[in-house]
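Just below is one structure, and these are the notes that go with it.
Put into structure tokens, the structure is as follows:
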């Protein structure tokens, strides 16, 4: 019983911390910054703050807290994202048209729901709700990363190139040379099992047959990518998947997402810290799957499969340059004997199309719409990035995006057959 | 000399008043309300406030006030609208992505420019600038109307249906029956000439040959339009121009722009004052040219030409239910012997394609891009609306929109051959 | 009575001649050439041959010839063009998907209808039908011109650049210098009245007030247009209407429709006679209204209004380089004292938006959908072209196209104020 | 030596047979039928006939037959499909605009190339070319299937619903009940190895770890699919992948590709044999991956992976209702103890995204563009269909299409975990 109370207190504390982080991320942003939607793939900051709150209200408070009064009945429609089972919802590309409720009212919504949640978490049977609360917090952490991705995209559309936070030097040197790390093949188990939290798409744990392979010890750097650009990488169809080549031409791509030519002709990069000269030692960022695949072909290598990546990552501590570092950008790997930068810095594209593991069944109820319905046309990324909350990612974690998308913090680690 | 000083003081006062009205229109709006762009045809309120300021900075202060320091060099790019001669500009559909500068910084921009303008207007040679200042103020008045149109469109996209201002009853009764007012034909002069301000597209004054005609004494009402709807007006291709019928089908139109079905099946209208039951006596509003033309055909009548309208309006006082009434919506005509509602309430579609008058030459310089370059594919509207600043419109005033557009306050007055 | 029989015989003869011309135009074309639709604005040759036949079957034979058996009931759906009153129709952009009925079956359809029509025209009361038969023949003549326009567009999409007919030299020299021809102003009557056939949109005849003006004696030449191109005409926004400039950029236009750069860098023109070096003396062809308007502005002139054009053309013989010349292209004006090239060569853009004349009422019944419903967003062209059947055009004839269109044989004659 | 001559003779015979089949498929089609392109995904019959010929001319004759004169230099541009390495090519969506060369000229092209190929195949060193000739023939067989798919789509766009061939009854009865066939798991080898021809994407042969599973003995029938339709399958978002649900709504799908409602409300199906009442016993056809996946979810089952399918098919004879049956449609399985309909009838969607096997390297040179560059966003189908040339498919054969596509002969076989 004492143990339960302690656990409940722990959960409440964790709830407070995660919720406070979201608010902290929005601090310093004007109401204007928080309301605008810069493209259909992105959402306004204000929407993220409200939607994560809606999750707790809809799935925790309304079914479980007797007498709970929803903050505003309209919010159920406005802040549902894609849960068909919960009813109609405001269309995604129109999220940016909702100027009211405003930032202040969303803050009040958060306060209202937080207070009720803390009441709920104090109840005797709170432990029963722990899995769903934990899911809600993991969900909010994902939106914390989305807040930063979406804000970076919004600011990138602004000719005055605003900085979200002031630039802090990383006090690091040149990227180390790197080397190939061999991993044995055989029958290995991948996927999540056991006690800790994981999303439904991380399981069931199952065996796969791997051939021996090698991973490069560090991420591909901006300097290496510049060589690809200068070698005509974006102009040579032989390097590209057919759909990728069509995308390159339709979009007029000639470099990663936020690279820009400076007035002196040199490359610069737009970041959450504003516009800066390209850091050649830092990992390349904001490249899509098509680009990652073309780069690997140009380099005579390939992308790892997700099973390879997970096998190589299995014994490592899931820590690195994540949100807590405050750097808000990937930085150079200056040292390290074995695999470095596996967690944090940038999400690493794998060669694996996103699909359900053998025996996969979505969670039941509306939260089952979380992952399974997106299992087509996307590719798996692994490892987390500089905008991922500390402790959010793990070796079995499966992130996924469409192959043309590149507004997230995504990069490349090369693999080769042994 | 005294006279000149008086005139200069008058101009400065007028400058202060017009500029204050813009700020007044934005009062009560949140920063969120002011930054979002709801469609490519519309602009954010903040953009209107900045763009009208940019006009004075670019065309008055920089060329004429020695030592004037532009508020921010980036604003020239951000807040130019369509003046090709003045240089590159931020693309119109992306105006809503500029969250910084924010509302507060735009207010500071306005203060900076206003102070400089008032200094400029105190100079001995200020009279020389009067025509351009007057043009700038007329331009700002046009954007005042656009602020209200664009805001109404934005709010109409919000499921919570916000009201811009509280509803005030008009204290009026049923629309009077109306009657046909005959106007003689012959050679008549139309277009602007003489002292007062007019836009370049209002001249040259020239003669045209008119046949005798009749105008209906008041505007078409919502109740009359409802009969058209219920008679299948939106489903009968025989009533429509071919391009209009294609638009009706592509857009799924079945009623004017902001009509909505209430829960009881009755028609309601979304307005700047929120969502209300349809006022059957008020003039129909938010109809495009295609609809106006189809309605007239259904009624066995036609739209007036702009020369007819102007001839009929020539002797009337250019006053009515305009912005100063504070009603913010068209209201029923309850009395009046002759032509009523000619000015204010809603802009009246004419049958005239918008083109240059005989001998028309655009003003020289960048301000010459104001009207002439839009003389294709649009139709002329006359008379002003409930969002037009008092004194802005006049009998010769030529407003113009594309035939499918209907987010402005536009309605219909019928005509027939004598 | 004799007179009536003579008239009926004359009509039958005319029917035979017009119908034979359509077949003659298709001779030498393969079935492949006749079935493909190269863009939504164009139709397959086979469709034109069938649709013109459908007109006679639908409006003449079915209502008037007792016992007439429609050739195929499906054809009513397949070959209706835009007559909403006659029932559902195959969508225009999908006309090219109908490979069956094929060319041979359409020929049989024509024979079937022609035989029945000649039977009908022999009946005692045939004179009663003369107006509708005449309309049907005028309609077929319009489609004869469309056959050539649409075929030229189709062939222009083919990398092997086929020629419709072999090139025959025009045996003409350099274009003459040309001069300005003054025309008096005043109240003039325009529009059709009287006995001869005219389309409904040519009337009612009515008076307009004209100011004195001048027309240039000949058409603008390719050589003059080349100077416009080389002066950066297609790159200077100050010359263009706003919608025109948007079109130039969206389409990447840098010259008239079928101009192409040869391997030596010189301009060539694709024509019904294949690909040839640009004839600098010939009239420019395949320019849209936006281009015509921009050219006139560049030249310091303007386009004539349709009333001006008609007034100037009133006394002239409506003959020139039309279909009967067999040249199939506009050719240089080498001599002539007054206005030359007014009829034939190329349709001449006017400054007049296409709308109904005062008092215009469409013909009753389905044939009333012929002209009136297109009276929006288009501009009037006058005079006929090298693909217009001889005798088809006249001074009051009003052709109309959208301002961006240029696949027809369209060119420019300049005007200026007196 | 004798053996080589025999082999060369065999290859020449096979060349003749395959080439003759293409011509046979086009017999009975008019030139009109052969030139039109009904959508960007499809190509004209004439283009298929020319493109397959171009393959032999480009990759066999020009490099290997001294003195070979290309039939027409323009054909290299016109009839290249997607080989970037071979130079520029006519854009795919514009293939239907090329009316010249026509059907007769393409036949002459085929004759010219066939004669030269037979000369080439008689040369002493012809055996050296056998792999490339064999690839060319396999390529032509693929286009034979495409001819039928594309023609069916074209005819489906024609309101008169033409039949490609007369309907011949299959003389079969009701579909048998079917049962679940268990397959053991374990480490199995999949992919092609050894002597016979296979496409590069079928290798390398490699081991995978399978879990025990069951396949249903026959294909899903039209009757079973009708139950899905009637159960609201196309209106229930819970059954669909998110991208699939978006497709259903965007396209307005409510049944398989060529199902249509008859006048009595019953379902009919448009086929190569014209329009017929739906055969409830025949396998469902013209469903995309999204539909296959949704159906499986509705049925409480899943799609097989390609490794599962291949393992189950490994011992079976790769024969069935393929092109040689002349039925031109999938037909009911009326008997059979084990797995039936594995080859022929319809291609079977698998759950496997199309990607390269471990160690996959594309063939070198331009023919290496054949398969590898399409390894993104598509799904693998297995087994062949009623339009696949006899002997073309095999257990390791990997067909692939985008998940929304359904104009091919594609259906569903269900799987489940053991």
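Protein chains in written order, with UniProt numbering: chain A, 1 to 418; chain B, 1 to 418; chain C, 1 to 418; chain D, 1 to 418. Cβ coordinates follow ideal geometry from the N, Cα and C atoms, glycine included. Please read these numbers as outputs of a predicted model, since none were measured by experiment.
Within the UniProt domain "DinB-like" (15-136) of chain C, the residues whose Cβ lies closer than 7 Å to any Cβ of chain D are, in chain order, 30, 31, 32, 33, 35, 36, 38, 74, 77, 78, 90, 94, 96, 97, 98, 99, 100, 102 and 103. DSSP, read as helix, strand or coil, puts residue 370(C) in coil. At a cut-off of 7 Å, the C-beta of residue 208(A) has a neighbouring C-beta in chain D.
Residue environment analysis places residue 135(D) among the buried positions, since at least 16 neighbouring C-beta atoms fall within 10 angstroms of its C-beta. The beta carbon of residue 329(B) sits no closer than 7 Å to any beta carbon of chain C. Put simply, of 406(D), 225(D), 117(D) and 164(D) the residue whose alpha carbon is nearest the alpha carbon of residue 284(D) is 225(D). Between residue 163(D) and residue 263(D), the alpha-carbon positions lie close to 19 Å from each other. Taking 7 Å as the cut-off, the beta carbon of residue 349(C) is found closer than this to the beta carbon of residue 292(C).
If you check the CB distance, residue 339(A) and residue 156(A) do not come in under 7 Å. Under the 10 Å beta carbon count, residue 364(A) is surrounded by fewer than 16 other beta carbons and is classified as exposed.
Residues of chain B whose Cβ lies closer than 8 Å to the Cβ of residue 417(C) are, in chain order, 358 and 359.
For residue 204(A), no CB of chain D lies under 7 Å from its own CB, so it is not counted at the interface with that chain. If you draw a straight line from the Cα of residue 140(C) to the Cα of residue 112(C), it is about 17 Å long.
Residue 243(C) has a beta carbon lying within less than 7 Å of a beta carbon in chain B. Judged by their CB atoms, residue 43(B) and residue 97(A) are not nearer to each other than the 7 Å cut-off. By the criterion of at least three beta-carbon pairs nearer than 8 Å, the region 320-335 of chain A is in contact with the region 382-391 of chain A. The UniProt domain "DinB-like" (15-136) of chain B is shown to contain whole alpha helix (DSSP H) runs of 4 or more residues at 31-35, 45-56, 75-78 and 103-122, in chain order. Per DSSP, residue 270(D) is one residue of the beta strand (DSSP E) stretching across 267-271.
Within the UniProt domain "Sulfatase-modifying factor enzyme-like" (338-415) of chain D, not a single complete alpha helix (DSSP H) segment reaches 4 residues in length. Using a 10 angstroms sphere on the CB of residue 321(B), the tally of other CB atoms reaches 16 or more, which defines it as buried. For residue 162(D), at least one C-beta of chain C is nearer than 7 Å to its own C-beta. Beta bridge pairing from DSSP links residue 189(B) with 207(B).
For residue 319(A), the three-state secondary structure derived from DSSP is coil.
Per DSSP, the continuous beta strand (DSSP E) segment holding residue 182(A) begins and ends at 180-183. By alpha-carbon distance to residue 266(A), the top candidate from 230(A), 295(A) and 243(A) is 230(A). For residue 286(B) and residue 272(D), the gap between their C-alpha atoms comes out near 51 Å. Here the region 296-312 of chain C makes no contact with the region 140-151 of chain C; the two share fewer than three CB pairs at distances below 8 Å. Just so you know, the alpha carbons of residue 336(B) and residue 65(C) end up roughly 59 Å apart. Between residue 59(C) and residue 242(B), the gap from beta carbon to beta carbon reaches 7 Å or more. If the five residues before and after residue 313(A) are omitted, its C-beta is found closer than 6 Å to the C-beta atoms of 342 and 395, all from its own chain and listed in chain order. Residue pairing by DSSP places residue 309(B) opposite no residue, since no beta bridge is assigned to it.
The alpha-carbon of residue 118(C) is positioned some 33 Å away from that of residue 161(D).
Apart from the 5 residues on each side of it in sequence, residue 187(C) sits with its Cβ closer than 6 Å to the Cβ of 207 and 209 in its chain, given in chain order. Residue 259(A) sits in a strand when the DSSP states are folded into three classes. A residue is called buried once 16 or more other Cβ atoms fall within 10 Å of its Cβ, and residue 6(B), having fewer, is exposed. For the pair residue 128(C) and residue 52(C), the Cα-to-Cα distance works out to about 21 Å.
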